[in-house]
Amino acid sequence: MGFLIGFLTVILALDCLLLILLILIQLPKKEAGMGTAFGGQATDALFGAGTGNALTQITKYAAGAFFVLAIVLATLNANQSPTRGSKVKEALKQAVANPAPIPTAPAGVPAGNAATPKPAVGPASMLLSTNAPAAPAPAGTNAAQSKK
Numbered sequence: 121m122g123f124l125i126g127f128l129t130v131i132l133a134l135d136c137l138l139l140i141l142l143i144l145i146q147l148p149k150k151e152a153g154m155g156t157a158f159g160g161q162a163t164d165a166l167f168g169a170g171t172g173n174a175l176t177q178i179t180k181y182a183a184g185a186f187f188v189l190a191i192v193l194a195t196l197n198a199n200q201s202p203t204r205g206s207k208v209k210e211a212l213k214q215a216v217a218n219p220a221p222i223p224t225a226p227a228g229v230p231a232g233n234a235a236t237p238k239p240a241v242g243p244a245s246m247l248l249s250t251n252a253p254a255a256p257a258p259a260g261t262n263a264a265q266s267k268k
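Written out as structure tokens, the structure is:
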């Protein structure tokens, strides 16, 4: 199955290159297109006067092949391994099935020391603090005057 997907992917890449070249060669209007880069009537000289019809037909078939190959490759890739999930989903399922043990205090450490939470540090802890700094002195007074 992997060989078929690889082979069809190579065919799709070649079809993309063919489509790019066909679209660049075609004339969007009279006397315009990629042929003017080679000196005017280069496409007529290389491919003949009726190249618009032939190039249009080849482009239609190449575009149809592109869509068919893209749909077939998407289907093959989706059906290659339907039971395989992502590694993140597998890790989450494993974590739910086997929860991590809750850490406990070692035997030699008293329970009060292990269970005592550390004080919070940050803006929220400053708001909840009971030993907040005193209010600043009013404007126009200096620290010496306010201590008297």
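Numbering-wise (the working numbering), the sequence shown opens with residue 121 and increments by one.
For every residue, glycine included, the Cβ atom is placed at its ideal position computed from N, Cα and C.
query	result
Within 7 angstroms, strictly: CB atoms of LEU132 and LEU196	no
Cβ shell of ALA182 (< 8 angstroms), same chain only, five flanking positions each side left out	ASP135, LEU138, LEU139, LEU142
Expected contact under 8 angstroms - CB spacing of VAL216 and LEU128 to nearest Å	So it is not a contact: roughly 39 angstroms between Cβ atoms.
Closest residue to LEU175 among ALA198, GLN146, ALA194 (Cα-Cα distance)	GLN146
Residue nearest to ILE125 in terms of C-alpha spacing, selected from SER206, ILE222, GLN200, VAL208	GLN200
DSSP state of GLN146 mapped onto helix, strand, coil	coil
ILE178 (DSSP reduced to helix, strand or coil)	helix
Opening and closing residue of the alpha helix (DSSP H) in which ALA211 lies	207-217
Inter-residue Cα distance where the pair is ASN218 and LEU212	10 angstroms
Coarse secondary structure for ALA220, derived from DSSP in three states	coil
7 angstroms Cβ shell around PHE123 - same chain, five flanking residues per side excluded	none
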